[in-house]
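Here the structure is laid out as structure tokens; the discussion comes afterwards.
Number of protein chains: 2
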Amino acid sequence: MPKATFQNLPSDKRERFTAAALDEFAVHDYRTASVSRIARMAGIAKGSVYQYFDGKQDLYLYLVTLAAERKFGFIDGSLPADAGGFFERFRLTVFHGARFDFTHPRLARLLYNVTYEPTGPETRAVSAQLKAASYRYVRGLVDTGIRSGDLRAELDVDFAVFALYQLSVSLRDYLSERFAFSFVDAVRHGSGSPVPDDDIMAVLDELVELLRRGLAPTT
Amino acid sequence: MPKATFQNLPSDKRERFTAAALDEFAVHDYRTASVSRIARMAGIAKGSVYQYFDGKQDLYLYLVTLAAERKFGFIDGSLPADAGGFFERFRLTVFHGARFDFTHPRLARLLYNVTYEPTGPETRAVSAQLKAASYRYVRGLVDTGIRSGDLRAELDVDFAVFALYQLSVSLRDYLSERFAFSFVDAVRHGSGSPVPDDDIMAVLDELVELLRRGLAPTT
DNA sequence: ACTCCTCATGACCGCGTGGTCACATGGTAG
DNA sequence: CTACCATGTGACCACGCGGTCATGAGGAGT
Numbered sequence: 002m003p004k005a006t007f008q009n010l011p012s013d014k015r016e017r018f019t020a021a022a023l024d025e026f027a028v029h030d031y032r033t034a035s036v037s038r039i040a041r042m043a044g045i046a047k048g049s050v051y052q053y054f055d056g057k058q059d060l061y062l063y064l065v066t067l068a069a070e071r072k073f074g075f076i077d078g079s080l081p082a083d084a085g086g087f088f089e090r091f092r093l094t095v096f097h098g099a100r101f102d103f104t105h106p107r108l109a110r111l112l113y114n115v116t117y118e119p120t121g122p123e124t125r126a127v128s129a130q131l132k133a134a135s136y137r138y139v140r141g142l143v144d145t146g147i148r149s150g151d152l153r154a155e156l157d158v159d160f161a162v163f164a165l166y167q168l169s170v171s172l173r174d175y176l177s178e179r180f181a182f183s184f185v186d187a188v189r190h191g192s193g194s195p196v197p198d199d200d201i202m203a204v205l206d207e208l209v210e211l212l213r214r215g216l217a218p219t220t
Numbered sequence: 002m003p004k005a006t007f008q009n010l011p012s013d014k015r016e017r018f019t020a021a022a023l024d025e026f027a028v029h030d031y032r033t034a035s036v037s038r039i040a041r042m043a044g045i046a047k048g049s050v051y052q053y054f055d056g057k058q059d060l061y062l063y064l065v066t067l068a069a070e071r072k073f074g075f076i077d078g079s080l081p082a083d084a085g086g087f088f089e090r091f092r093l094t095v096f097h098g099a100r101f102d103f104t105h106p107r108l109a110r111l112l113y114n115v116t117y118e119p120t121g122p123e124t125r126a127v128s129a130q131l132k133a134a135s136y137r138y139v140r141g142l143v144d145t146g147i148r149s150g151d152l153r154a155e156l157d158v159d160f161a162v163f164a165l166y167q168l169s170v171s172l173r174d175y176l177s178e179r180f181a182f183s184f185v186d187a188v189r190h191g192s193g194s195p196v197p198d199d200d201i202m203a204v205l206d207e208l209v210e211l212l213r214r215g216l217a218p219t220t
């Protein structure tokens with residue numbers, strides 16, 4: 002985590018550095034990301050990076066924590082306090098998650114990289130932590146869903162949590178493909194307007210419908 | 002693709018090299034994988050690698066093609082010729098896919114890496130090709146499923162294909178977590194007996210049930 | 001014995017990496 | 001004016017990478 006020196010920095014410099022670092026880790030995975038490039042982009046000497054953080058891993062941990070807090074905070078802040086049924090809460094959670102991703106492509110792309118990089122000694126712990134947090138969230142949803150009768154009581158909870166997690170995480174892949182929104186391009190240049198809320202909702206309707214009824218005809 | 006020199010090699014040497022290369026790309030992603038290490042592991046000089054292949058990318062393409070052919074061949078060879086309903090065919094396809102993965106952890110892990118590495122100029126094309134092939138397969142299943150009435154006619158086919166693909170691909174994550182089977186360990190040391198067929202089937206029942214009925218109670 | 005040709009070899013190249021460190025800078029307290 | 005301390009700096013280090021290439025070994029044809 003950041004040293005005191007980093008906290009003492011004038012805020013514009015601190016932010017310029019943070020932005021450069023986020024860019025780098027959003028476009029490259031951990032191994033490929035380069036501390037030298039971050040320093041160059043931020044317009045500071047490479048040595049300064051090591052005045053702010055203990056090293057590459059430390060910087061990475063800071064950025065991931067920051068991104069995760071922002072995203073979870075965004076979602077929580079957007080969810081209505083009153084309960085609503087399981088499917089409605091799930092729909093809104095994923096919806097606001099997707100909104101966050103399209104409006105904060107750098108942070109979203111960083112978290113995406115973390116999710117799909119569970120290998121490697123440097124990233125393993127961070128990836129596991131992030132996944133655990135997401136699982137906890139979904140499991141809470143499922144548990145209350147079962148208690149309230151919105152979900153079948155005989156469900157294999159572990160499996161349901163897995164399926165919901167996977168579908169909601171990979172939904173970003175589907176959305177970005179379907180609406181031709183490249184997160185990497187959005188980070189590199191400011192290109193591409195975010196996918197309209199209505200379009201996200203349309204796909205989400207499809208997903209919730211699938212989850213609610215299954216693929217088979219009701220006959 | 003391999004040069005003539007590689008084809009002319011005595012088969013034991015060729016296989017020792019292929020095994021070493023598969024190991025390397027199964028345990029590391031493309032950038033992290035090292036040609037020098039492969040040569041060392043295979044007990045040959047680094048220069049020899051460049052007698053067999055045009056370079057790292059060329060070697061990678063060869064290995065991925067090989068792994069994909071083996072896996073698709075294995076699944077096709079295990080599927081009964083007579084049709085069966087959509088869900089039964091889907092179940093069997095995923096089942097044999099999982100069986101292949103547990104009995105060929107090196108190849109499985111390589112394909113896994115390809116799937117989750119769509120970034121990077123060197124791997125982009127290969128990843129896209131593999132995904133396209135899988136999508137084509139699933140789409141065929143869905144199309145005939147709709148024609149035969151096993152699936153609702155109003156389904157958004159694109160979305161259904163996405164969901165089926167994602168769930169079946171990520172099922173390996175779930176299985177390996179649930180049954181504590183580490184693919185990476187299985188590659189590095191021969192450790193860990195594959196998950197029993199019955200256990201795979203039990204999870205698959207859960208998946209197919211989910212897809213067939215959806216999460217909501219039938220009420 | 002001489003010539004080809006295929007293949008094996010490992011020292012070597014240029015590069016970019018994460019990380020270090022001796023030194024420079026500048027503000028503040030005495 | 002001096003002493004101190006927090007910061008900034010970039011040349012430098014060792015490393016491992018993908019890739020090259022001059023050299024040599026060995027078998028086949030004549």
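Top line first, the protein sequences correspond to chains A and B.
Each residue of the first sequence is one higher than the one before, counting from 2 in the working numbering.
Each residue of the second sequence is one higher than the one before, counting from 2 in the working numbering.
Ideal placement from N, C-alpha and C gives every residue a C-beta, glycine not left out.
Rounded to the nearest whole angstrom, the C-alpha separation of A:S192 and A:E25 is 17 Å. Annotated three-state conformation of A:T145 is helix, per DSSP.
Judged by DSSP secondary structure, B:G98 falls within the alpha helix (DSSP H) whose first and last residues are F87 to T104. By alpha-carbon distance to B:S183, the top candidate from B:A27, B:N9 and B:F163 is B:A27.
Under the DSSP assignment, A:R38 falls in the alpha helix (DSSP H) whose first and last residues are V36 to A43. Within its own chain, the residues whose Cβ lies closer than 6 Å to the Cβ of B:A99, once the five positions on either side in sequence are excluded, are I201, listed in chain order.
Listed along the chain, the chain B residues whose CB falls inside 7 Å of the CB of A:Q8 amount to none; the nearest CB is some 33 Å away. Put simply, the backbone Cα of B:K132 is about 16 Å away from that of B:V95. Your pair A:V196 and A:F54 does not check out as a contact, with CB atoms roughly 35 Å apart and the cut at 8 Å.
Setting aside the 5 residues that flank it on each side, B:A109 is surrounded in the same chain by D102, each with a C-beta closer than 6 Å to its C-beta; the list follows chain order. Under the Cβ criterion (8 Å, minimum of three pairs), the region 43-63 of chain B counts as touching the region 4-11 of chain B.
The beta carbon of A:S149 does not come within 7 Å of any beta carbon belonging to chain B, so the residue lies off that interface. A:E210 carries a helical assignment under DSSP once its states are collapsed to helix, strand and coil. Under a criterion of Cβ atoms nearer than 9 Å, the residues of chain B adjacent to A:V204 are, in order, D157 and F160. Taking a 10 Å sphere around the C-beta of B:E118, we find 16 or more other C-beta atoms and assign the residue as buried.
For B:A22, the CB contacts under 8 Å within the same chain, skipping 5 residues up- and downstream, are I39, A43, L60 and L64 in chain order. A direct Cα-to-Cα measurement between A:D199 and A:K57 gives close to 40 Å. Closest by C-alpha distance to A:A46, out of A:D77, A:K14 and A:A68, is A:K14. Taken atom to atom, the span from the alpha-carbon of A:Y166 to that of A:S135 is near 8 Å. One alpha carbon belongs to B:I76, the other to A:R137, and they sit about 35 Å apart. No Cβ of chain B is located within less than 7 Å of the beta carbon of A:Y63. Per DSSP, A:T66 is one residue of the alpha helix (DSSP H) stretching across K57 to S79.
If you draw a straight line from the Cα of A:D159 to the Cα of B:Q8, it is about 48 Å long. Under the three-state reduction of DSSP output, A:M202 falls in the helix class.
Flagged as an interface residue toward chain A: B:S171, by a C-beta distance shorter than 7 Å. Taking a beta-carbon distance threshold of 7 Å, B:Q167 counts as an interface residue toward chain A. Here the alpha carbons of B:H105 and B:S79 stand approximately 15 Å from one another. At a cut-off of 7 Å between beta-carbon atoms, A:T145 makes no contact with chain B. If you look at A:T6, you'll find it in the alpha helix (DSSP H) that goes A5 to N9. If you check each beta-carbon in the region 171-188 of chain A against every beta-carbon of chain B, the ones closer than 9 Å belong to S171, L172, D174, Y175, E178, R179 and V185.
Going by DSSP, A:L172 is part of the alpha helix (DSSP H) stretching over V158 to R179. Approximately 10 Å separates the beta-carbon atoms of B:V143 and B:A164; this is outside 8 Å, ruling out the contact. According to the DSSP assignment, B:T19 belongs to the alpha helix (DSSP H) that extends over S12 to V28.
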